[in-house]
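A quick write-up on the structure given underneath.
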Amino acid sequence: MRSPAAPALRMYHERVVDHYSNPRNVGFDKSDPHVGTGLVGTPGLGDVMKLQIEVDEETEKLLVLALRPSNGVLL
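In this text, residue positions in the sequence shown follow this note's numbering: the first is 82, and each later residue adds one.
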């Protein structure tokens, strides 16, 4: 007689896994003239980080910085 298979251990709530797999509200609107977007790294190797900044037009000060790393390693 075979023993029933053990249920899979779930380490994270399904909502956490969903948000990781399907990110929402990531980054800024690229068409906004106050937003700058750049890539840092080596795209051919998969070592890329996307960064976006939003700058206040009057003060020319950085308002927000958003970083989105890839699966590679950045040094």
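Built from N, CA and C at the ideal position, the CB exists for glycine as well. All figures in this text were calculated on a predicted structure; none of them were measured in a lab.
Cβ of residue i within 7 angstroms of Cβ of residue j?
| i | j | result |
| --- | --- | --- |
| L146 | I134 | yes |
| G122 | V129 | yes |
| V136 | L126 | no |
Since residue i contacts residue j with CB under 8 angstroms, what's their CB separation in whole angstroms?
| i | j | result |
| --- | --- | --- |
| K131 | R105 | No, K131 and R105 are not in contact; Cβ-Cβ is about 16 angstroms, not under 8 angstroms. |
Cα separation between residue i and residue j?
| i | j | result |
| --- | --- | --- |
| H100 | V107 | 11 angstroms |
| H94 | D110 | 30 angstroms |
| T140 | D113 | 17 angstroms |
| M92 | S102 | 15 angstroms |
| T118 | P124 | 15 angstroms |
| V97 | E138 | 36 angstroms |
When burial is assigned at 16 or more other CB atoms within 10 Å of the CB, is residue i buried or exposed?
| i | result |
| --- | --- |
| L155 | A caution first: L155 carries a pLDDT of 48, below 50, which makes its placement in the model unreliable, though a value can still be read off. With fewer than 16 Cβ atoms within 10 Å of its Cβ, L155 is classed as exposed. |
Worksheet entry | Runs of beta strand (DSSP E) wholly within the stretch 94 to 123 (minimum 3 residues, chain order) | 116 to 123
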